[in-house]
Structures are given as C-alpha cells and as structure tokens.
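Undergrad: If you read the protein sequences in the order shown, they are chains A and B. No gaps in the numbering here: position 123 of the first sequence is 835 in this note's numbering, and each next residue is one more. No gaps in the numbering here: position 70 of the second sequence is 179 in this note's numbering, and each next residue is one more. Ideal Cβ positions, reconstructed from N, Cα and C, are used throughout, including at glycine. Before we start, here is the structure in question, set down as structure tokens.
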Amino acid sequence: MSGEVLIHTETSNDVAVAARDLVKWFGRLKVLDGLSIIIPRGTTYCLLGPNGSGKTTFIRAIVGLIRLEGGEMEVLGRPVSRVREIVSRIGYMTQHKALYPDLTLQENMEFYAGLYGIKGARRRARIDELLDMVDLEDHRRRLAGDLSGGMYQRLSLACILIHDPDLLLLDEPTVGIDPRLRKTFWEYFKSLTEGGATVLITTHLMDEAEKCRIVGYMRAGRLEAEGSPEEIKRLAGLRPSLRLWVDDSRATADLLVSKGFDVIEDGDALDVFLDSFAKAGTVLDLAQPRDLKLVEPTLEEAFLRLSDDGRPR
Amino acid sequence: MRPTFEGIEGGLGRILAVALRVIRQLKRDRRTVGLITFAPIFLMVLFGYALSGEMSGIGLGLVDEGGQEGLRGHLEGVDDFEILHLGSASDAELLIEEGRLNGAIVLRPGQVVVMLDGSSPQIAASLMDQVRIGLERPMPLDLRYIHGYDLEMMDSVGPAVLGLVVFFFTFIVSAVSFLRERTQGSLEKFVASPLSRPEMVLGYLLGFSVFTVIQSVTTMAVVVFVFGVPMEGSPATALAVVLLLGAAALVMGAFFSNFAKTEFQVVQFIPLVILPQVVLTGVWWPIQSIPESIRPVSSILPLTYSSEALRAVMLKGASIGEIMPDIFALSLFLLIGFVAATLALRREVG
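See below:
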C-alpha cells in the first residue's frame, strides 16, 4: 500500500469509510478484486450482492480483522492500519453468535459495557434503554442460551450499541426478526444517522435495502453499481411503466411510439415505459385509456437482473 | 499510542470485565465447578489410600564410579533392596534427605562410601550387613549419616500430586474456554473492540485464579489434614507455588487451544501434554532415576519445578528464598506461555 493520503482532510469529515482498489486473496480465490467504495457519514449504506461477493470480507477489513493485500482504506479519518485507535467508535455485529449463552442478558450487556469503560449510572441507563428498544426488557434475567434466534439477534444488536458507536457495521442484522421489530430497528437506525452516525448494513431483504439512502451492489469482489434505490433500478434498466387498457391498442401504440415512448403491446393492454412520472400526464392525454395501472419496478427485480447478467444494463 | 493514566485505567477496567465474566460463567457451570473443586479431592483421597502403605523394600541408591564389581553384584542380588542407579553422590544425598531412599552406596576404585538415613537405624544396620558381606576384601568404609525422614510414600508423592492435579484441571478447562471463544465468534468481536489480546488473557488469569485458590486450598487441606503429609514450611509459600503453576497451566491451555478445532480434540492433548509431565517430572519416582538422555525433556516441563518446590516447602520447610530457582522457572513458563497465547490469538484472526 502506498502512503498516499486518500482523502483530503477537509472532506474526510464527511466520509466514514473510503476504500480504494482493495485486494484480498483467500488462497487462490480473489475475494476483493479492486473494491473501491465511499461511505458518507450520517447515511445508511446497504451492501447487496450474491453470497461470496465479498460483503462480509469488506466489513471485516474495516475493523482490521483481515490484512489487505492491496489498496488503501480510511475509516473515520484514520488509515485502516491504525483502526485500533478508533475501534471504540465502531460497533460491529457479526453473523456469528458472539454472545455468551451461559450469561444472562443483563450480564452479557454488562460485559460489553465493561469493555467500553461504561459504568455506574450511565451503564444502567444505557442497558435499560437498549433492552427496551429491542423489546427484551422482561427477559433480562434469562440466559442468552435460552433465547430464540430472533431474540438472540436483538440482544446482539443491543450489545453492539452499548457504547453509542459513530460507525455501525451490521452483517445481516435482521435475520430471524419479525417485521414489526424490524420496523423498530430501522426507525432506530434512522435516529442514529440523524444524530450523525453511519450505518453500513448487509442484507438479503430488498425492503430493507429500499430504506437505505445508498445501495451498493457487489459482485465478485467489486462494486458493480451504486446509488439510491431508484438509481439502482434505473441502472438495472428498470423503469416505472403504465399499463393501459385502450380501445384501439394498435393505433394508440403507434401514436405513443411516434411521440418517443417505449411501448410493449400485450393483447388489448399496452405497457408504456416512463423515464419519469412527470411524463405520465402526456401519456394519459394521448391514449385516453379505459383503465390503467401504475407498475413500479422493485429493487428485487433490479437485483435479480444485475445478478443474472453480471453487468448492469 | 502513549500509555496515559486513562489508558491504563481503561485497560484495568477491561481486564476486570473479562475476569468478572469468566467468574460468572464458571460459577454457573456447576459441573465444571464440581470438577475443579471436588475431583482433585477425590483423586487425592484415591492416591492417598493407594499409596499410604510403608514403602516396601529398602530403597538403595547406587552410584557406580568404577571398580567394586563384586560388591555391586552382591547388592543387586539382595531381594529386599530396590536399587536406583544414580549419576552422582549429591543426587543420592538429596534423595535420602527427601526420604525417598534409605541409603546409598558410592562405588569408587579403592573406596566405598556408604550414606545412611539416620532416622531408621534398623534399615541402616541391615544395609551395613549386606555391604560387609559383599566386599571381596576388607577395606575402610567412608560412612556418612544423613538426616532424612521416615516417610510414607504418600508423604513424598503428595506435594507433587497436588501440583499435577491443579495443572491438569486448569489446563483442560482453560483450553476448552479459549476454544469456545474462538468457535462462537466472540474472539472476532473482541478484535473489533478496545479489548486487547493481552488484556483478554490477563482477565482470564484473574478470573481463573479465584477457582485455582479454592482448588489449591481444598486439595492441600486433604493432603495435609487427611493424610498427614507434613507442612513444614509456610502454607502461603506452597499456595504461591501452586498458583504460579496454575497460571502457567492456564496460558499453556490458551496456547494449545489454537491447535484444536473441537472440544474432543482438546481431550487429545491429555496424552500429549499431561502424560509426559506425569511420567517425566518426578511426581511418582525421583527425576534422578530417569535416564540421562531424556532428562532434558524434564527440564522443559513446568511440573518438574513445582514438584521440587512443593516438596522442599512441605517436607523440608524451605523458605521462598530457597525455592527461588523453581519460582523463577515457573515464572518463565508463565511468561513464555503468556506471550505465546497472545501471539497465537493474533495469528488466529485474518
């Protein structure tokens, strides 16, 4: 790695993680293949991608768990080689069951509080607040080993939030958590980012990715596409469309095409693709449909399309 | 980073957090607590009864420096004698002092030295008789009386077994604990927390020491009060030796846990790490009776030093100053084990 400064100090306050050309080999497998990624502060950034695309490896590299073979990275303004200096500002939730099954919920949290030097009244208040947030207040004297999968996951999250981290790294945090509680989590994440914290999350759940400000799509150790969920859909070649039922589909189709719209005929229905919803009015004026339906592409479709092709369209 | 007061205080807080966690976990694991506290007592009782008989036969050390083949042949032919071939007169003297031999004979060209344990005159007399019979021609004998003990076998073995028992249980429990940290992923989380690896190992040492103290005190009490093994020296000194050995066992367990993937594989360390110490460290029979060629192995096993130190303190009333070489050796094991365990934790991730 060269000693070149990656980001100028004036801008590094706005960036939580900046990585350039990261390379990591596991034996003969190149898990990170020139990954470059910028994660702005105060955002929720979601990493999507097929299994083995390097998402977890990237997160582990951020906390210094693996040694990179190439590239450079800054985390909260520090080069990654000095990440231990700021490790107390990071909260890292692994996919492992990293809690102690033979300790109670309270004891597990007290242990993590101890690691971060949180004690006394602040510790009590923090534990109460977090157990309440993850809805485990009534179970604090139970052994962690007796919890269900989802409860365990909630406790894991509570433990890594104990020290109020500036950068949260969440590797598939909502696996096994019911939708109601997931909503609570996301509201909490939102409040954290509003307070200036950065949340980097990997997930397979598209509805969660939709909630993120930025979605990065990883494949084979690289960032293939990045942007807001809307931008990702566009990158995948997906546009919203209007499905119209008209009397003379042939003539209407010709008219719309002549005005520059992409149209697909499907029996007596037409699918008209829109670059933006602003054009919807024009389409309706031209076609005068009997009935209509707005079809919005999902991130899932975009993701599937990107996975199929390997390259965004 | 330069160490600051805050930094040191933070480190101490993290060490205490780990120690408290280890104590809480062990306390809840009733079976392991039982194993740590009662199994040693059970073992000591077992050994105690098995070994409480008077030593059979007359233990005779033989140092052959040439000549006197006739006498040697005669002594080896006496049924009552259990002969131990030794390398030097000073070894022989030491073993008589410790009560492990009733006497010793040094054979030199033109000279025979007879060392006798003055505490058992009957045995001394029968030894002298046999020497006189065995001599081909009369010659002056260099006769020395050495103050020894009239010991039961348990007296001699007890102090060393105390060390063995503590080492065994601490090593196994430590290896399994560290293995779990790794397999359940908490180690990975520590790397991403302010807890450093040395702090983690120190926290374990602190937490475990509570149980090692309980274990040592109960086992020692059984050895001394039930089996009447003497405690000539200070119990605190003996306890210090056992604690030091326990600490060395803990860091060795932490280090060796890196070579196991499952708890089943930890059990496989017993023949590898524990058995050589049972055989080669002078717990059951004097180290001087082990062939010279494998004795260097004994010198790299911690139990060699704890056995020596505990015997010296309990049987001969040695002060802490007199066992300093052993304390030093055990501290060295602790230090090397600590560094190795810490480095191995580092190597593990990534």
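Between which two residues does the alpha helix (DSSP H) containing tyrosine 254 (chain B) stretch?
TA: Here residue 254 (chain B) is taken as the residue at index 145 of the second sequence, counted from 1. Not the alpha helix (DSSP H): tyrosine 254 (chain B) falls in the beta strand (DSSP E), residues 250–255.
Undergrad: Hey, how far is the Cα of glutamate 943 (chain A) from the Cα of threonine 292 (chain B)?
TA: Position 231 of the first sequence, counting from 1, holds the residue named residue 943 (chain A). Position 183 of the second sequence, counting from 1, holds the residue named residue 292 (chain B). Going by the C-alpha atoms only, they are around 41 Å apart.
Undergrad: Compare the C-beta of threonine 806 (chain A) with all C-beta atoms of chain B and state if any pair is closer than 8 Å.
TA: Here the question's residue 806 (chain A) lines up with position 94 in the first sequence. True, the Cβ-Cβ gap to chain B drops below 8 Å.
Undergrad: CB-CB under 8 Å to glycine 196 (chain B), same chain, minus the five flanking residues each way: which ones, in chain order?
TA: Numbered from its first residue, the second sequence carries residue 196 (chain B) at position 87. So the qualifying residues of the chain are Val172, Gln397, Glu401.
Undergrad: Is the segment 872–887 of chain A close to the segment 799–806 of chain A, with three or more CB pairs under 8 Å?
TA: Yes, the segment 872–887 of chain A touches the segment 799–806 of chain A.
Undergrad: In terms of residues, what are the limits of the alpha helix (DSSP H) holding glycine 337 (chain B)?
TA: For the purposes of this step, residue 337 (chain B) is identified with residue 228 of the second sequence, where counting begins at 1. First-last for glycine 337 (chain B): undefined, no H or E at that position.
Undergrad: How would you write the range of the alpha helix (DSSP H) that lysine 895 (chain A) sits in, first residue to last?
TA: Position 183 of the first sequence holds residue 895 (chain A). Per DSSP, lysine 895 (chain A) belongs to the alpha helix (DSSP H) from 891–906.
Undergrad: Please confirm whether valine 727 (chain A) and proline 752 (chain A) have their CB atoms less than 8 Å apart.
TA: Your numbering for residue 727 (chain A) matches position 15 in the first sequence. Your numbering for residue 752 (chain A) matches position 40 in the first sequence. In contact: valine 727 (chain A) and proline 752 (chain A) (Cβ atoms closer than 8 Å).
Undergrad: Mind checking if lysine 742 (chain A) is an interface residue toward chain B, Cβ cutoff 8 Å exclusive?
TA: In the first sequence, residue 742 (chain A) corresponds to position 30, counting from 1. Chain B, which has no Cβ nearer than 8 Å to the Cβ of lysine 742 (chain A), makes this no.
Undergrad: How should glutamate 185 (chain B) be labelled, buried or exposed, when 16 other C-beta atoms within 10 angstroms of its C-beta is the threshold for buried?
TA: Counted from its first residue, the second sequence places residue 185 (chain B) at position 76. Exposed: under 16 other Cβ atoms inside 10 Å.
Undergrad: Alpha carbon to alpha carbon, how far is lysine 923 (chain A) from cysteine 758 (chain A)? Give it in angstroms, no decimals.
TA: As a first step, residue 758 (chain A) must be located in the first sequence, where it is residue number 46. As a first step, residue 923 (chain A) must be located in the first sequence, where it is residue number 211. For cysteine 758 (chain A) and lysine 923 (chain A), the distance between alpha carbons rounds to 9 Å.
Undergrad: Can alanine 870 (chain A) and valine 887 (chain A) be called in contact, C-beta distance under 8 Å?
TA: The count along the first sequence starts at 1 and reaches residue 870 (chain A) at position 158. The count along the first sequence starts at 1 and reaches residue 887 (chain A) at position 175. Against a cut-off of 8 Å, the Cβ pair of valine 887 (chain A) and alanine 870 (chain A) comes out as no contact.
Undergrad: Is the beta carbon of glycine 782 (chain A) less than 8 Å from the beta carbon of valine 735 (chain A)?
TA: Residue numbering aside, residue 782 (chain A) sits at position 70 when the first sequence is read from its first letter. Residue numbering aside, residue 735 (chain A) sits at position 23 when the first sequence is read from its first letter. For glycine 782 (chain A) and valine 735 (chain A), yes; Cβs fall inside 8 Å.
Undergrad: Could you check the C-alpha separation between alanine 992 (chain A) and aspartate 980 (chain A) for me, to the nearest Å?
TA: Translated into positions along the first sequence, residue 992 (chain A) becomes position 280. Translated into positions along the first sequence, residue 980 (chain A) becomes position 268. In a straight line, the C-alpha of alanine 992 (chain A) is about 19 Å away from that of aspartate 980 (chain A).
Undergrad: Would you tell me roughly how many angstroms separate the C-alpha atoms of leucine 744 (chain A) and serine 302 (chain B), rounded to the nearest one?
TA: Walking along the first sequence from the start, residue 744 (chain A) turns up at place 32. Walking along the second sequence from the start, residue 302 (chain B) turns up at place 193. Taking the straight line from one Cα to the other gives about 24 Å.
Undergrad: Using only alpha-carbon positions, find the residue among A:Val969, A:Arg835, A:Arg1002, A:Met930 that is nearest to isoleucine 874 (chain A).
TA: Translated into the one-based positions of the first sequence, residue 874 (chain A) becomes position 162. Looking at the Cα atoms, A:Arg835 is the closest of the given residues.
Undergrad: Looking at the C-beta of arginine 137 (chain B), does it have a partner C-beta in chain A at a distance below 8 Å?
TA: Locating residue 137 (chain B) in the second sequence gives position 28, where the first residue counts as 1. With 8 Å as the cut-off, arginine 137 (chain B) counts as an interface residue toward chain A.
Undergrad: Are the Cβ atoms of isoleucine 771 (chain A) and threonine 910 (chain A) separated by less than 8 Å?
TA: Looking up residue 771 (chain A) in the first sequence gives position 59. Looking up residue 910 (chain A) in the first sequence gives position 198. No, the pair does not count as a contact, with Cβ atoms beyond the cut-off.
Undergrad: Under 8 Å between C-beta atoms, does valine 799 (chain A) make it to chain B?
TA: By 1-based counting over the first sequence, the position of residue 799 (chain A) is 87. For valine 799 (chain A), the answer is yes, since a Cβ of chain B falls inside 8 Å of its Cβ.
Undergrad: With a 10 Å radius around its C-beta and 16 neighbouring C-beta atoms as the bar for buried, classify glutamate 784 (chain A) as buried or exposed.
TA: Reading the first sequence from its first residue, position 72 is the one you call residue 784 (chain A). Buried: at least 16 other Cβ atoms inside 10 Å.
Undergrad: Which first and last residues belong to the alpha helix (DSSP H) in which glycine 832 (chain A) is found?
TA: Here residue 832 (chain A) refers to the residue found at position 120 when the first sequence is read from its first residue. Run containing glycine 832 (chain A): 832–845, per the alpha helix (DSSP H) assignment.
Undergrad: Going along the chain, which residues of its own chain have a beta-carbon closer than 8 Å to the beta-carbon of threonine 816 (chain A), five neighbours each way excluded?
TA: Position 104 of the first sequence, counted from the start, is the residue given in the question as residue 816 (chain A). Contacts found: Arg852, Arg853, Arg854, Leu855, Ala856.
Undergrad: So is isoleucine 839 (chain A) in contact with chain B if we call contact Cβ pairs under 8 Å?
TA: The residue given as residue 839 (chain A) occupies position 127 in the first sequence. Output row for isoleucine 839 (chain A): interface = no.
Undergrad: Given this structure, state the Cα-to-Cα distance separating glutamine 386 (chain B) from leucine 827 (chain A), to the nearest angstrom.
TA: As a working note, residue 386 (chain B) is residue 277 in the second sequence. As a working note, residue 827 (chain A) is residue 115 in the first sequence. C-alpha separation (whole angstroms): 37 Å.
Undergrad: Glycine 243 (chain B): which of B:His183, B:Pro268, B:Ser199 sits nearest, CA to CA?
TA: The residue given as residue 243 (chain B) occupies position 134 in the second sequence. Nearest of B:His183, B:Pro268, B:Ser199 to glycine 243 (chain B), Cα basis: B:His183.
Undergrad: Helix, strand or coil for cysteine 924 (chain A)? Go by DSSP, reduced to three states.
TA: Indexing the first sequence from 1 puts residue 924 (chain A) at position 212. If DSSP states are grouped into helix, strand and coil, cysteine 924 (chain A) belongs with coil.
Undergrad: Assuming isoleucine 167 (chain B) and isoleucine 232 (chain B) make a contact with CB atoms under 8 Å, what is their CB distance in whole Å?
TA: Indexing the second sequence from 1 puts residue 167 (chain B) at position 58. Indexing the second sequence from 1 puts residue 232 (chain B) at position 123. Confirmed, Cβ separation roughly 6 Å.
Undergrad: Under 8 Å by Cβ, that's how I've got valine 975 (chain A) and leucine 982 (chain A) pegged, so tell me the actual separation to the nearest angstrom.
TA: Residue numbering aside, residue 975 (chain A) sits at position 263 when the first sequence is read from its first letter. Residue numbering aside, residue 982 (chain A) sits at position 270 when the first sequence is read from its first letter. Between leucine 982 (chain A) and valine 975 (chain A) the Cβ distance is about 6 Å, and since that is below 8 Å, they are a contact.
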